[in-house]
Structure formats: structure tokens, C-alpha cells
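A short worksheet on the structure shown next.
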Amino acid sequence: MNDTNNEKKEFFESCVYFPRLNSDRIQTIDFLNASKSVVQFVELLGKGFLPVRHDMNGNIDKLMKIYETNEQKFAFLDQIVSEEKQTLSESDFHLGTDALIWLTRALDYNLIFLSLFVSDFEEEKRSEDLSDYFAKAYDQTLKKYHNWFVQQIVSLCLLSAPNRSSLLKCLTSEKPTIDEKITFAAINEYLISSITCNLLKTMILCVGPTGSGKTLLLKRLQDIDFQINNYLDIPSTVSTVGTNIVFIKTKTKTLSIEEVGGSMAEIWSQYYGDCQAIIYVIDSTNLSTIGDSCVSLFQMMSDTNVKNIKPVLIVLNKTDINCSASKEEIRYLLMIDHLIDSLPDQKVDVFDVSCVTGKVVYKPNPNSIFMRSYGGYLFLGLCGAAVVCHQLRVKYLPPGHRFLAGVSRLGYKLHFTPVKD
Ligand SMILES: Nc1nc2c(ncn2[C@@H]2O[C@H](COP(=O)(O)OP(=O)(O)OP(=O)(O)O)[C@@H](O)[C@H]2O)c(=O)[nH]1
Ligand SMILES: [Mg+2]
1 MNDTNNEKKE
11 FFESCVYFPR
21 LNSDRIQTID
31 FLNASKSVVQ
41 FVELLGKGFL
51 PVRHDMNGNI
61 DKLMKIYETN
71 EQKFAFLDQI
81 VSEEKQTLSE
91 SDFHLGTDAL
101 IWLTRALDYN
111 LIFLSLFVSD
121 FEEEKRSEDL
131 SDYFAKAYDQ
141 TLKKYHNWFV
151 QQIVSLCLLS
161 APNRSSLLKC
171 LTSEKPTIDE
181 KITFAAINEY
191 LISSITCNLL
201 KTMILCVGPT
211 GSGKTLLLKR
221 LQDIDFQINN
231 YLDIPSTVST
241 VGTNIVFIKT
251 KTKTLSIEEV
261 GGSMAEIWSQ
271 YYGDCQAIIY
281 VIDSTNLSTI
291 GDSCVSLFQM
301 MSDTNVKNIK
311 PVLIVLNKTD
321 INCSASKEEI
331 RYLLMIDHLI
341 DSLPDQKVDV
351 FDVSCVTGKV
361 VYKPNPNSIF
371 MRSYGGYLFL
381 GLCGAAVVCH
391 QLRVKYLPPG
401 HRFLAGVSRL
411 GYKLHFTPVK
421 D
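Under my numbering, the residue at position 145 of the sequence shown is numbered 145, and the numbers go up by one with no gaps.
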């Protein structure tokens with residue numbers, strides 16, 4: 001537990017946090033102990049979730065037993081997988097690997113539910129019925145691995161899911177006065193810890209001046225099941241104080257995108273080290289803030305944790321708003337082309353976006369993330385067929401760049417949403 005204090009605390013304040021990556025590896029024992037905390041959370045969800053609890057406990061036990069056979073040899077999770085890969089044939093049952101896969105799927109399920117629960121609070125919906133969130137988390141994570149029969153059982157289990165008031169009561173040790181802000185801040189902190197640990201999740205940082213549209217962009221990206229008409233319905237946002245995290249499920253993995261509010265610009269640089277890519281959002285139609293946006297963009301790009309290391313996606317947002325300057329003039333004012341030319345080794349891409357209409361315009365540049373990943377000829381050959389291109393990004397990007405497939409989803413999803421005028 002993070003706190004030995006006897007005083008009753010928020011459930012997520014007293015949970016075991018997931019460990020930070022240790023040279024890109026995850027310590028087995030810390031990971032398993034943190035996973036046990038998630039099982040405790042599942043316990044709060046009631047008897048309907050008993051099968052999930054059993055399943056998670058079973059997988060934790062299997063991994064713990066393997067770990068205990070040789071604590072040094074299996075100090076890191078990847079060692080369990082490597083050992084099985086080396087010593088077993090493909091047709092053998094890989095007990096540890098199988099347990100790890102199922103455990104992370106179940107963890108994903110819970111974490112995605114929690115992130116939806118937090119979003120519900122942040123959007124000031126305070127929905128009493130949480131069954132949609134449980135179902136959505138299931139759809140995004142476990143459902144595709146379950147056969148029809150199991151899916152029916154899960155649907156039945158979900159009927160007994162707790163409502164908002166009873167879940168909050170459990171999370172706050174039944175204190176008479178519940179300060180929801182504290183509860184949700186504790187859940188958010190916990191979610192951040194679970195991301196920094198999990199190799200299956202890719203961490204993308206989203207920064208940009210206040211009001212540039214980061215939160216709305218994340219909401220649009222997060223809405224995996226968006227329907228055509230959703231674009232008419234613009235979700236409300238409030239200025240982000242601190243950070244805001246969303247999970248985005250791609251074909252291959254779950255990405256997490258962490259927004260750090262514009263009001264925290266002074267400490268953005270503290271986040272550059274831990275992320276794998278950065279999205280920088282600019283309100284491209286507000287001429288009075290363009291200068292500041294440009295300065296902080298250049299500052300970010302020259303940071304030692306970013307320059308020539310982290311791929312950067314620049315989102316020129318709000319293109320639906322009429323602006324006295326043309327797109328070319330905006331690019332000129334922001335010195336985007338100068339930036340690209342002056343950093344030939346920097347992977348960078350620029351998207352013109354409207355999070356309101358859903359329109360995206362993308363012009364590849366010589367230092368494009370995608371150009372560099374495939375070789376320019378391939379990209380150029382495909383850029384007219386963005387659907388195919390999207391598929392290729394997912395499939396062929398080398399592992400280090402694969403997460404960009406998720407970011408490219410931004411272009412893909414927004415672009416192919418029919419725009420209603
Ligand atoms: N017209 C238009 N408005 C947008 C667009 N994107 C965001 N907005 C609006 O801009 C306002 C600010 O958006 P947010 O997403 O909260 O801005 P933010 O970058 O997260 O701001 P901070 O959290 O303060 O850093 C909201 O009213 C959004 O609806 C867009 O593409 N077009
Ligand atoms: Mg925000």
C-alpha cells in the first residue's frame with residue numbers, strides 16, 4: 001500500500017500503484033501486487049463480477065508461482081515470456097504468457113471502465129446508471145476474445161453492476177460527506193500510474209496553449225463508436241486543470257493520451273521524458289495567440305527529451321472558423337516549414353483539423369513520420385488512398401513507431417467522417 005496511515009482513505013489512494021518502467025521493463029512482483037489491487041476493486045463491484053475476480057486471481061496465481069520458482073530469473077515480466085518462447089514449442093501451452101495476456105486484458109477492462117467513469121464526472125454528467133460504461137469497456141477489451149456463450153454470461157453479470165452512488169460509497173469508505181473531486185482525482189492518479197507501467201499501452205502526450213482544443217480532440221479520438229451524426233453533437237469541455245487521460249483502442253494496442261492543460265505550460269517539459277510521442281495542438285485561427293503558440297512549440301521541439309527523439313504531431317485546430325489569414329499564412333506565422341527544414345532528423349507531421357466538423361487535411365512533408373517509416377515512395381504512392389495507408393501503418397510500422405498508427409487514426413477517423421454543413 002502506498003500509505004501506511006491508519007486513517008480511512010479513498011480506495012484508490014490506498015491501492016498499490018503499478019510500478020514505473022525500469023529500463024523499459026516491468027518488475028514482476030510489483031506488477032502482480034498492483035494487479036491484486038485491481039482485483040480488490042472488482043470485489044467492490046459485487047457478486048456479479050465474481051467470474052472476473054476468479055479469472056484475474058487465477059492468472060495472478062499462475063504468474064506468482066512461476067515467479068517464485070526463481071525470483072531472480074523472472075524478476076521482469078518479459079523474462080517469463082522469453083523463457084517460455086525459448087523452452088517450449090509453438091504447439092505447447094505457454095502457461096505464463098497465456099496468464100499474462102488474460103490478466104492484462106482484464107486490467108484493460110477495469111482501467112477503461114475507470115477512465116469512462118472519470119470522463120463522466122468531468123463532463124458533469126454524473127450518470128447514475130453505469131451499465132453503459134461497463135458494457136463499453138467490455139466491448140473495447142474482452143468481448144472479442146469471448147465466444148457467444150461467454151458474452152451472454154457477461155451481459156447477465158453486467159445487469160448487477162453497481163450504480164454510481166453505490167460505487168462511490170464503496171470507493172470513499174462510506175464517509176458521510178463525499179467530496180467527489182477528491183475521489184476522481186485519486187482514480188486519475190491511479191490511472192496514470194497504470195499507464196506508466198504497462199508496455200502494452202503507449203503513452204502519447206498532448207500539449208498546446210489553453211483553449212486550443214486538446215480536450216475536445218481527445219474526446220473525438222476516444223469516441224470509438226462514433227456515429228455519423230455525432231459530429232453535430234459537440235461535447236462540452238472545461239479548461240483542464242492538471243492532466244486528463246484517455247484510452248484509445250487501436251487494432252493492435254491500447255494507446256493512452258495524456259493531456260497536460262495549457263495552464264500548466266511551465267511544467268510541460270517534465271512530461272517529455274516519459275512519453276513516446278507528442279501531439280501539439282494549436283488554435284490556428286486565433287491570430288492573437290499564434291505568436292505564443294509558436295514560441296512554446298519551438299521551446300518544446302528544442303527540449304533535449306524531444307529534439308530528434310520523439311515524433312511530434314502538430315495539430316492546427318479549429319479550421320472551421322473563418323480567419324482573416326489563409327492556411328499558408330498561418331503556417332508561415334507559426335514558422336512550421338522553417339521548423340521542419342531546420343530539424344531534418346526530427347519526425348514531424350502537421351494536420352489541419354477541425355474537431356467540430358471532423359475535417360482533416362494532411363500534407364506529407366519530407367520529415368514526415370510516415371514518410372520516414374515506410375520510405376517516401378511508398379507513402380506518396382498511398383497517400384491518395386488513406387484507408388489503405390491507414391491499414392499499412394498499423395501493419396508494417398516497425399515496432400518503435402507502431403504507436404503512431406494510433407495517432408494516424410486521428411487523421412483517419414476525422415477524415416472519413418462525413419461532414420455535414
Ligand atoms: N470552432 C471550433 N471550436 C473548437 C474546436 N476545438 C475545440 N473547440 C472549442 O474550443 C474551446 C476550448 O477547447 P478545449 O478542448 O477545452 O481546449 P484545451 O486545449 O483542452 O484547453 P486547456 O485545457 O485549458 O489547455 C471549447 O469551447 C471547444 O469546444 C474546433 O475545431 N473548432
Ligand atoms: Mg483541456
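Backbone N, C-alpha and C fix where the C-beta goes; we use that ideal spot for every residue, glycine too.
This one's a predicted model, so the numbers in the text were calculated from it and none came from an experiment.
- In this chain, the alpha helix (DSSP H) harbouring residue 57 covers 50 to 69.
- For residue 343, same chain residues with a beta-carbon under 8 Å away, outside a window of 5 residues either side, are 301, 307, 308 and 367 in chain order.
- Residue burial annotation: residue 163 is exposed, with fewer than 16 other C-beta atoms found within 10 angstroms of its C-beta.
- Distances from the CB of residue 215 to the heavy atoms of ligand 1 include at least one below 7 Å.
- Residue 281 and residue 89 have their C-alpha atoms roughly 48 Å apart.
- Here the alpha carbon of residue 284 sits roughly 10 Å from the alpha carbon of residue 320.
- Straight through space, the alpha carbons of residue 25 and residue 337 are spaced by roughly 38 Å.
- For residue 352, the enclosing beta strand (DSSP E) has its first and last residue at 348 to 353.
- Taking C-beta atoms as the reference points, residue 35 and residue 56 count as a pair closer than 8 Å.
- For residue 345, there is no enclosing alpha helix (DSSP H), as DSSP marks it with neither H nor E.
- For residue 283, the secondary structure class from DSSP, reduced to helix, strand or coil, is strand.
- Taking the Cα of residue 211 as reference, the smallest distance to any Cα among 186, 51, 290 and 269 is reached at 290.
- DSSP places residue 20 outside both helix and strand once states are collapsed to three, so it counts as coil.
- With at least 16 other beta carbons inside 10 angstroms of its own, residue 219 counts as buried.
- At least 8 Å separates the beta-carbon of residue 103 from that of residue 131.
- Nearest Cα to residue 279 within the set 112, 260 and 145: 260.
- Taking the CA atoms as reference points, residue 47 sits about 55 Å from residue 322.
- Nearest to residue 17 by C-alpha distance, out of 190, 169 and 53, is 190.
- A distance below 7 Å between beta-carbons, with the five flanking residues on each side excluded, links residue 331 to the following residues of its chain, in chain order: 337.
- It is roughly 25 Å from the alpha-carbon of residue 183 to the alpha-carbon of residue 105.
- When rounded, the separation of the alpha-carbon atoms in residue 119 and residue 303 is 31 Å.
- Counting along the chain, the unbroken alpha helix (DSSP H) around residue 114 starts and ends at 95 to 122.
- Annotated three-state conformation of residue 29 is helix, per DSSP.
- 28 is the residue among 294, 28 and 40 whose C-alpha sits nearest the C-alpha of residue 72.
- For residue 114, the closest C-alpha among the options 187, 206 and 76 is that of 187.
- Residue state for residue 295 is assigned as helix, using DSSP reduced to three classes.
- When distances are taken from the beta-carbon of residue 26 to the heavy atoms of ligand 1, even the shortest one reaches 7 Å or more.
- Looking at the backbone, the Cα of residue 340 and that of residue 353 are separated by about 19 Å.
- For residue 316, the enclosing beta strand (DSSP E) begins and ends at 312 to 317.
- A distance criterion of 7 Å places the beta-carbon of residue 242 beyond contact range of ligand 2, judged by its closest non-hydrogen atom.
- Residue 243 sits in a strand when the DSSP states are folded into three classes.
- Here the C-alpha atom of residue 204 lies approximately 5 Å from the C-alpha atom of residue 277.
- Beta-bridge pairing by DSSP links residue 277 to 204.
- If you draw a straight line from the Cα of residue 287 to the Cα of residue 299, it is about 19 Å long.
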